[in-house]
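Residue numbers (this note's numbering), protein chains in the order written: chain L, 1 to 124; chain V, 1 to 215.
Heads up, the beta-carbon is just placed ideally off N, CA and C, and yes, glycines get one too.
Bear in mind the structure is a predicted one, so any value in this text is a computation, not a measurement.
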């Protein structure tokens, strides 16, 4: 299947404005969670350790340390369950995938050098 | 029972109304030209003959070209009859993916990808031998194929090596996720036999037919 046709099909399922963040950023991912017939927003905080795929198939991985246990969640970029992504802190990294964070423990596991060149957007 | 001839284009992912990601196969399913309507009176059975994928007339025999001419359609690559077509159509009509709607269930018939001469591990999912424990030269073999003098023959249907794939297969009860009439496309949940670019038959599901006949 050619790319033009794929783009055309996928266009209907894409997010209106693409999520803007980079690998290394510390983010709050607001996800819609359905419990029975009620719906609420859950926030997942962590460091973006990778983005992959393109078009509607793109996903990103967020890692955090939760009660001393490393937790990673993979979100499809265009999923309607991902309400929005807030960038808390821009990171300056030299890798596309931050898998090296998995080997780290303690403080180092959650620290990515801050990128001061771009002003961090105000996160609550 | 309605159906279409189509061409498998590839796969992608869409989101359903609930927001779940669904893997879909994209099928080009039109335009399908009605070449002939077979009726009880003339042919002793009811069917609709559809043609799909245009072709140079010079690539088709004169006999077939004459047949195409009768319905006023150009030459096509694929011709197929659908028994008991539940839509009222006449020769010369053009049908497309619009005969299905999102939410319908369909069966997809296609020819699976050829795998060539395959051993029993690949073809029948035999376990093969151990890689370790001093094993030597007995990794992917079928082992014994029967018993001793009782019964004295090999049971029919025993898995053996041989040609695998390139056989017609039907996948039943696939849901139509979206119909794009402008592009003549059907987006069907799940996978469909065959390689991209292969012809497939998309037919109303035998087990989950549409409730009312749609015009």
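Inset, instruction - Determine contact between the stretch 29-38 of chain V and the stretch 68-81 of chain L, defined as no fewer than three beta-carbon pairs at a distance below 8 Å. - result: The count of Cβ pairs closer than 8 Å, one atom from the stretch 29-38 of chain V and one from the stretch 68-81 of chain L, stays below three, leaving the stretches out of contact.
Legend entry - CA-to-CA distance, residue 25 (chain L) to residue 115 (chain L), given in whole angstroms: Cα-Cα distance, rounded: 9 Å.
Legend entry - Proximity to residue 164 (chain V) [Cα-Cα], best of V:173, V:128, V:175 and V:111: Checking every option, the nearest Cα to that of residue 164 (chain V) belongs to V:111.
Legend entry - For residue 133 (chain V), three-class secondary structure by DSSP: Of the three classes helix, strand and coil, the one that applies to residue 133 (chain V) here is coil, per DSSP.
Inset, instruction - Establish whether the CB of residue 66 (chain L) and some CB of chain V are separated by less than 8 Å. - result: No, its Cβ sits nowhere closer than 8 Å to a Cβ of chain V.
Inset, instruction - For residue 19 (chain L), collect the residues of the same chain with a Cβ closer than 6 Å to its Cβ; drop the 5 residues on either side in sequence, then sort them by chain order. - result: Only residues of its own chain outside the window of five on either side were considered, and among them 77 and 85 have a CB closer than 6 Å to the CB of residue 19 (chain L), listed in chain order.
Inset, instruction - Give a yes or no on whether the minimum CB-CB distance between residue 215 (chain V) and chain L is below 8 Å. - result: Low per-residue confidence applies at residue 215 (chain V): pLDDT is 44, beneath 50, and the placement is therefore not dependable, though the value from the model is reported in the following sentence. Against chain L, the CB of residue 215 (chain V) has no partner CB under 8 Å away; the residue lies outside that interface.
Legend entry - Start-to-end residues for the alpha helix (DSSP H) that takes in residue 68 (chain V): 62-70 is the span of the alpha helix (DSSP H), which, as asked, contains residue 68 (chain V).
Inset, instruction - Report buried or exposed for residue 12 (chain V), applying the criterion of at least 16 other Cβ atoms within 10 angstroms of its Cβ. - result: With 16 or more Cβ atoms within 10 Å of its Cβ, residue 12 (chain V) is classed as buried.
Inset, instruction - Pick out whichever of L:109, L:88, L:73 and L:47 has its Cα sitting closest to the Cα of residue 82 (chain L). - result: Checked all of L:109, L:88, L:73 and L:47; the closest Cα to residue 82 (chain L) is L:73.
Inset, instruction - Determine the contact status of residue 123 (chain V) and residue 161 (chain V), defining contact as a CB-CB distance below 8 Å. - result: A contact, by the Cβ cut-off of 8 Å.
Inset, instruction - Measure from the C-beta of residue 16 (chain L) to each C-beta in chain V and report whether the shortest distance is under 8 Å. - result: No, its Cβ sits nowhere closer than 8 Å to a Cβ of chain V.
Inset, instruction - Give the residues from the stretch 5-27 of chain V that approach chain L closer than 7 Å (Cβ to any Cβ), ordered along the chain. - result: Flagged, chain order: 9, 10, 12, 13, 14, 15, 19, 21 and 26.
Inset, instruction - Tell me, please, which residues DSSP counts as bridged to residue 151 (chain V). - result: Residue 151 (chain V) pairs with V:148.
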